[in-house]
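Colleague: Residues 5 to 242 (my numbering) are what the sequence shown spells out, left to right.
We treat Cβ as the ideally placed atom computed from N, Cα and C, and that holds for glycine.
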Amino acid sequence: FEKALMSDGFEGYDNYTAAIHLSCMAHARRHLYDAVKIRADYQTFKNLPDDTEMKLKHIRENPALGILLEPLGNINRLYEVESRAKKKKLSREEVYELRQKESKPLFDQVIAGMERIARSFDSGSKAVKGANYFLKRKDSLALYLEDGNYPIDNNLAERMVKPFVIGRKGFLFADTEAGAEATAVWYSLSQSAIMNGLVPEKYIEYVLTRLKNKGIREEVLDELLPYSRALPEYLYKK
Numbered sequence: 005f006e007k008a009l010m011s012d013g014f015e016g017y018d019n020y021t022a023a024i025h026l027s028c029m030a031h032a033r034r035h036l037y038d039a040v041k042i043r044a045d046y047q048t049f050k051n052l053p054d055d056t057e058m059k060l061k062h063i064r065e066n067p068a069l070g071i072l073l074e075p076l077g078n079i080n081r082l083y084e085v086e087s088r089a090k091k092k093k094l095s096r097e098e099v100y101e102l103r104q105k106e107s108k109p110l111f112d113q114v115i116a117g118m119e120r121i122a123r124s125f126d127s128g129s130k131a132v133k134g135a136n137y138f139l140k141r142k143d144s145l146a147l148y149l150e151d152g153n154y155p156i157d158n159n160l161a162e163r164m165v166k167p168f169v170i171g172r173k174g175f176l177f178a179d180t181e182a183g184a185e186a187t188a189v190w191y192s193l194s195q196s197a198i199m200n201g202l203v204p205e206k207y208i209e210y211v212l213t214r215l216k217n218k219g220i221r222e223e224v225l226d227e228l229l230p231y232s233r234a235l236p237e238y239l240y241k242k
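1) Would you say the region 167-180 touches the region 121-141, given that touching needs at least three Cβ pairs under 8 angstroms?
2) Return the Cβ separation of Ser27 and Leu145 in integer angstroms, given the expectation that the two are a contact with Cβ distance under 8 angstroms.
3) So, helix, strand or coil for Ala122, using DSSP?
4) Buried or exposed: which applies to Met29, given that a residue is buried once 16 or more other Cβ atoms fall within 10 Å of its Cβ?
5) Which runs of the alpha helix (DSSP H) at least 4 residues long sit entirely within the region 127-153? Give them in chain order.
6) Could you round the C-beta distance between Ile121 and Leu52 to whole angstroms and report it? I think they count as a contact, below 8 angstroms.
7) Below 6 angstroms CB to CB, which residues in the same chain sit around Phe5 once its five sequence neighbours on both sides are set aside?
8) What does the Cβ neighbour count give for Ile170, buried or exposed, with the cut at 16 atoms within 10 Å?
9) Could you tell me which uninterrupted alpha helix (DSSP H) segments, each at least 4 residues in length, are contained entirely in the region 35-102, listed from first to last along the chain?
10) Could you tell me the distance, in whole angstroms, from the CA atom of Asn80 to the CA atom of Lys166?
11) Tell me the start and end of each unbroken alpha helix (DSSP H) in the region 171-227 that is at least 4 residues and wholly inside, in chain order.
12) Report back the beta-carbon spacing between Gln104 and Leu149 to the nearest angstrom; my notes put them in contact at under 8 angstroms.
13) Which residues bound the beta strand (DSSP E) around Ser27?
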């Protein structure tokens with residue numbers, strides 16, 4: 005595989021040596037946020053009314069919390085840039101220019117904030133582990149800045165596999181390898197239908213009916229693929 009590959013921190017992906025390996029910002033953020041959300045001072049901060057002065061006062065009184073929240077806030081700002089680009093439907097080149105102008109300085113501030121956490125907290129703390137997760141992958145996390153087509157995270161892919169994750173306990177009872185393979189094919193087909201704007205139930209019914217009437221021939225299969233332009237309009241979501 006020689007294209008761009010975005011993943012979490014699982015080291016198995018390092019075997020794809022020919023790929024451009026990007027790291028997921030959502031995973032990097034999550035590791036630090038998991039350390040923050042269990043803190044009592046953060047729970048108090050979160051429950052304060054949306055009064056900027058009150059929240060700033062709380063952070064001044066809890067400087068450790070402020071150190072932790074700073075890079076998280078800058079990551080949120082990175083996502084705000086992405087949201088604006090999406091709403092404006094910017095081109096690949098325009099997204100690249102926007103990221104270079106606004107996101108790159110913010111990303112550098114995130115790195116500085118993570119380095120500060122690594123210096124300021126106990127080396128065995130969850131906060132330092134979260135910061136080190138980011139710092140270890142800072143180069144691969146920054147790669148999305150270099151191409152307007154690269155996403156900031158792989159949340160879209162994760163949402164697509166969520167039904168599979170929810171159903172995986174049931175797969176423990178697949179009696180045969182063929183049964184497990186058939187399940188994988190079914191999920192791939194139904195999720196591909198969803199990605200192409202089809203109603204999966206209507207699409208599967210249409211496919212089975214066509215195969216019954218026309219037979220399993222290559223030219224028929226080509227017309228039935230989820231991205232085929234030959235599919236009737238009523239199969240698509242309104």
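Modeller: In this structure, then:
1) no
2) 5 angstroms
3) helix
4) buried
5) 130-140 and 142-146
6) About 22 angstroms separates the two Cβ atoms, so there is no contact after all.
7) Tyr20 and Ala23
8) exposed
9) 44-51, 56-65, 67-91 and 96-102
10) 24 angstroms
11) 181-199 and 204-218
12) 7 angstroms
13) Ile24 to Ser27
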